[in-house]
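Remarks on the structure that follows.
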Amino acid sequence: MSNRAAIVSIMIDLDAIQDALRPIERSTGSFAALARIRRARLAISLAKIELAHALHYAVDPVIEMTIVEPVSARLTGAAATSVLTDGLSS
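For the record, in the sequence shown the residue sitting at position 70 is 164 according to my numbering, with numbers rising by one throughout.
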């Protein structure tokens, strides 16, 4: 398997993990758990971007878009700010 094929395979696996976290994120009732799930999804997005840049591959715009997903409509004010900053502080 070439390096490029291995990278594509890893990124597909990371996408699958992110997709698996979506229903968990939607169903959680805890702000702390929601922040952790979002932080995990953000870390996966950043890992994909870092991997692509380290190997000098072009970054797929879809991968980068996952970083700027909107905060859930049920979160407002300080709760929304907390979720966004928690994801960026780790």
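Each residue gets a CB set at the ideal place from its N, CA and C atoms; glycine is no exception. Computed from a prediction, not measured in an experiment: that's the story for all the values here.
| Item | Value |
| --- | --- |
| Can you tell me whether L136 is buried or exposed, with buried defined as 16 or more other CB within 10 angstroms of its CB? | buried |
| Quick one: what's got a C-beta closer than 8 Å to A141's C-beta in the same chain, skipping five residues either side? | L108 |
| How many Å lie between A93 and A99 at the Cα? | Only positions 95 to 184 of the chain appear in this structure, which leaves residue 93 out of reach. |
| Which residue comes first and which comes last in the alpha helix (DSSP H) that contains L136? | 125-148 |
| Assign M95 to one of three DSSP states: helix, strand, or coil. | coil |
| Taking C-beta to C-beta, are L115 and I131 nearer than 7 Å? | yes |
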